[in-house]
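Going line by line, the protein sequences match chains E and A. If you count the first sequence from 1, position 83 lands on 83 in the numbering used here, and the numbers rise without skipping. If you count the second sequence from 1, position 85 lands on 85 in the numbering used here, and the numbers rise without skipping. See below for the structure under consideration.
Protein chains: 2
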Amino acid sequence: METAPAAPPTRRERLRAETTREIKTVALRLMAEGGPDAISLRAIAREMGMTAGAIYGYFDTRDTLVTALIQDVYGDLVDTVEAARDRCAPGDTAGRIAAWGTALRAWSLAHPEGFRLIYGDAVHGYQPPEGGAAADAAERACAGLTGLVAAAWPTAKEFHDGDYTWADFSDHLCEVLHRDHPELPPAAAALGMRVWGRMHGLVALEVYGHTGPLTRDPGRLYEDELKSMVRELGLTPTA
Amino acid sequence: METAPAAPPTRRERLRAETTREIKTVALRLMAEGGPDAISLRAIAREMGMTAGAIYGYFDTRDTLVTALIQDVYGDLVDTVEAARDRCAPGDTAGRIAAWGTALRAWSLAHPEGFRLIYGDAVHGYQPPEGGAAADAAERACAGLTGLVAAAWPTAKEFHDGDYTWADFSDHLCEVLHRDHPELPPAAAALGMRVWGRMHGLVALEVYGHTGPLTRDPGRLYEDELKSMVRELGLTPTA
DNA sequence: TGAACTTACTGAACGCCGTGTAGTAACTGT
DNA sequence: ACAGTTACTACACGGCGTTCAGTAAGTTCA
């Protein structure tokens with residue numbers, strides 16, 4: 001969308017970008033310290049020695065800021081799980097899936113407010129934009145899974161039925177899948193989402209404190225579930 | 001805990017109980033209409049022709065009211081899924097599990113605010129009490145699952161490993177399991193939680209709008225996942 | 001019946017919140 | 001030096017949960 005040849009940023013622009021960053025940084029810090037409820041324009045401004053109104057010069061509305069935060073946090077999550085996945089050899093599909101899953105849980109427990117921000121309704125009255133941050137998040141999450149699913153597909157016999165059509169999935173997801181893995185049928189998209197959902201379930205319950213009162217070792221539960229899943233994909237769990 | 005022989009309620013007590021119920025009813029209605037954010041003491045009071053302060057005569061604090069709501073809503077959910085499960089013949093374990101799962105999703109989509117209330121952080125700043133409503137919910141959910149898991153256990157060979165101990169689970173869960181199904185090993189408790197988590201994942205993603213942008217038929221995805229799960233439990237999916 | 005007590009509720013206040021808007025002071029380019 | 005832009009403040013509005021003094025009923029007992 002940028003038509004101009006990107007002139008070097010003026011002093012004004014630099015200061016502006018810096019303040020924008022600072023607002024988000026402070027917001028994330030407040031959130032990490034006091035939970036997502038601690039994100040209030042007034043608290044952020046207070047922390048920065050400003051007035052709440054000043055923030056409106058940088059973000060149209062509180063929800064715009066929250067959306068930006070979601071994108072930042074989501075980027076962090078995606079980077080983390082993909083880095084973990086890529087620490088396994090490209091051929092070790094079982095290991096890569098397990099690494100991905102383990103990293104997902106680890107990140108979520110390390111950043112529960114982030115998890116709530118992305119996957120819950122952490123912020124009072126926040127309405128995601130049309131299409132929205134949640135949509136972005138989902139698209140990216142699914143795209144990230146695609147590689148894993150593609151690698152597992154040949155052995156994932158169990159999932160080759162299901163009678164799915166490309167029309168069952170969003171245009172964007174279809175495009176990404178076609179581009180990166182043209183050999184995959186629509187059922188592979190379904191598999192990706194199911195894998196995602198399966199991991200999400202136990203993590204969400206744990207982050208929201210629903211498994212805590214029931215078991216003293218939710219980690220083992222999760223790892224076993226992960227192992228089961230890998231096995232059901234026709235792969236042999238490593239270690 | 002009631003020591004007195006429960007004298008018939010006085011007029012005062014009846015009115016009081018009625019008002020308490022009305023507060024909760026109005027709160028649930030507001031929530032159904034305007035999402036969980038619509039639950040505010042002021043809005044409830046307004047709706048009832050009262051002042052916000054008056055509600056403090058019935059609930060110590062807003063969170064106390066929310067906790068009561070969670071318990072009510074959770075009771076409704078549990079009743080619904082158990083009723084669906086019991087509409088299948090006691091011998092039809094596969095059918096009962098599928099009915100349970102299908103009813104879970106149906107209820108969640110019909111009452112998204114309720115789902116958020118129980119499993120998310122629907123209400124701004126709500127802090128569950130120690131032990132808490134979430135704990136209650138989890139205990140009851142798991143107890144409800146126990147029957148299904150018990151029925152599936154003989155065929156669920158895949159899950160008979162895992163090396164769990166009773167010490168891995170909460171005392172209360174162990175008691176319930178021992179009482180109702182003394183033949184089950186600790187690994188069965190783990191299986192119950194895993195089944196729960198697996199269903200929760202896709203439903204949570206859907207309720208929070210993460211699957212919507214990706215697929216046009218999340219229901220099929222869910223039903224397939226349910227069927228897979230039943231199969232992996234060593235059962236034959238019905239229909 | 002009438003006094004003493006208890007309950008249910010109001011109304012105003014406190015400090016929090018997001019959001020607008022008018023005004024000011026500082027930077028920026030000519 | 002001057003005009004224009006930008007960054008910000010100050011204040012106001014209505015919302016929120018919560019507290020508290022006060023009032024008007026309902027209830028109990030002499």
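In this text, a Cβ means the ideal position worked out from N, Cα and C, and glycines have one as well.
Count the other C-beta atoms from every protein chain shown that fall within 10 angstroms of the C-beta of residue i, then say buried if there are 16 or more, exposed otherwise.
{"i": "D224 of chain A", "result": "buried"}
{"i": "P213 of chain E", "result": "buried"}
{"i": "D60 of chain A", "result": "exposed"}
{"i": "S202 of chain A", "result": "Rather than Ser, the amino acid found at residue 202 of chain A in this sequence is Leu. Classification for L202 of chain A: buried."}
{"i": "A122 of chain A", "result": "buried"}
{"i": "P36 of chain E", "result": "buried"}
{"i": "G192 of chain E", "result": "buried"}
{"i": "G34 of chain A", "result": "exposed"}
{"i": "A94 of chain E", "result": "buried"}
{"i": "L148 of chain E", "result": "buried"}
{"i": "T10 of chain E", "result": "exposed"}
{"i": "L233 of chain E", "result": "buried"}
{"i": "T242 of chain E", "result": "Any question about residue 242 of chain E goes unanswered here, given that chain E covers just 1 to 239."}
{"i": "T165 of chain A", "result": "exposed"}
{"i": "K157 of chain E", "result": "exposed"}
{"i": "R87 of chain A", "result": "exposed"}
{"i": "A167 of chain E", "result": "exposed"}
{"i": "R198 of chain A", "result": "buried"}
{"i": "R179 of chain A", "result": "exposed"}
{"i": "G273 of chain A", "result": "The displayed coordinates of chain A run from 1 to 239. Any statement about residue 273 of chain A would go beyond what the structure contains."}
{"i": "R12 of chain A", "result": "exposed"}
{"i": "R62 of chain E", "result": "buried"}
{"i": "R14 of chain A", "result": "exposed"}
{"i": "A4 of chain A", "result": "Because the pLDDT at A4 of chain A is just 47, under 50, the model does not fix this residue reliably, and the value given afterwards should be weighed accordingly. With fewer than 16 Cβ atoms within 10 Å of its Cβ, A4 of chain A is classed as exposed."}
{"i": "R246 of chain E", "result": "Residue 246 of chain E falls outside the range modelled here, since chain E spans only 1 to 239, and no answer is possible."}
Could you check which residue in the options has the C-alpha nearest to that of residue i?
{"i": "A204 of chain A", "options": "A:S108, A:L28, A:R194", "result": "A:S108"}
{"i": "D217 of chain E", "options": "E:E206, E:L226, E:L69", "result": "E:E206"}
{"i": "K24 of chain A", "options": "A:T64, A:G53, A:H210, A:A122", "result": "A:T64"}
{"i": "M50 of chain A", "options": "A:A103, A:T19, A:D72, A:I70", "result": "A:T19"}
{"i": "L173 of chain A", "options": "A:T146, A:V66, A:D163", "result": "A:T146"}
{"i": "R16 of chain E", "options": "E:M199, E:Y56, E:R29, E:R42", "result": "E:Y56"}
{"i": "E139 of chain E", "options": "E:A54, E:P182, E:W196, E:T236", "result": "E:W196"}
{"i": "E113 of chain A", "options": "A:G219, A:L28, A:A167", "result": "A:L28"}
{"i": "Y126 of chain E", "options": "E:A32, E:M48, E:S40, E:P154", "result": "E:S40"}
{"i": "V26 of chain A", "options": "A:L69, A:T211, A:R194", "result": "A:L69"}
{"i": "V176 of chain E", "options": "E:A150, E:R96, E:H210", "result": "E:A150"}
{"i": "V73 of chain E", "options": "E:E22, E:R231, E:H111, E:M229", "result": "E:H111"}
{"i": "A141 of chain E", "options": "A:H210, A:D161, A:R14", "result": "A:H210"}
{"i": "T155 of chain A", "options": "A:G120, A:M229, A:M48", "result": "A:M229"}
{"i": "V81 of chain E", "options": "E:A103, E:F115, E:P90", "result": "E:A103"}
{"i": "E22 of chain A", "options": "A:R42, A:M48, A:P182, A:R12", "result": "A:M48"}
{"i": "G162 of chain A", "options": "A:F115, A:R14, A:R194", "result": "A:R194"}
{"i": "Q71 of chain E", "options": "E:P129, E:R231, E:L226, E:A43", "result": "E:P129"}
{"i": "D171 of chain A", "options": "E:A54, E:D171, E:R42, E:T215", "result": "E:T215"}
So residue i and residue j are in contact, right, with Cβ under 8 angstroms, and what is the actual spacing, rounded?
{"i": "F159 of chain A", "j": "A187 of chain A", "result": "6 angstroms"}
{"i": "A190 of chain A", "j": "L221 of chain E", "result": "6 angstroms"}
{"i": "S38 of chain E", "j": "A45 of chain E", "result": "Position check: residue 38 of chain E holds Ala in this sequence, whereas Ser was assumed. Contact flag wrong, Cβ pair sits at about 13 angstroms."}
{"i": "L184 of chain E", "j": "I118 of chain E", "result": "In fact, because the Cβ distance is near 26 angstroms, the residues do not count as touching under 8 angstroms."}
{"i": "A99 of chain E", "j": "L235 of chain E", "result": "With 8 angstroms as the limit, A99 of chain E and L235 of chain E do not qualify as a contact, their Cβ atoms being about 13 angstroms apart."}
{"i": "A79 of chain E", "j": "T238 of chain E", "result": "At residue 79 of chain E the sequence reads Asp, which differs from the Ala that was named. Not really, about 23 angstroms apart at Cβ, beyond 8 angstroms."}
{"i": "R96 of chain E", "j": "R85 of chain E", "result": "5 angstroms"}
{"i": "L226 of chain E", "j": "G120 of chain E", "result": "Between G120 of chain E and L226 of chain E the Cβ distance is about 22 angstroms, and since that is not below 8 angstroms, they are no contact."}
{"i": "H124 of chain E", "j": "H124 of chain A", "result": "4 angstroms"}
What does DSSP give as the partner residue(s) for residue i in the beta ladder?
{"i": "T215 of chain E", "result": "A:F169"}
Is residue i near the ligand GDP, in the sense that its beta carbon is under 7 angstroms from a heavy atom of that ligand?
{"i": "M31 of chain A", "result": "In the structure on display, the ligand GDP does not appear, and there are no ligands present to speak of."}
| said: Quick check for students: name the residue ranges of the alpha helix (DSSP H) that lie wholly in the segment 82–126 of chain E, counting only runs of 4 or more. | reply: List check, alpha helix (DSSP H) in window: 93–110, 112–119.
| 4 or more residues per run - each alpha helix (DSSP H) lying fully within the segment 30–90 of chain A | 41–48, 62–86
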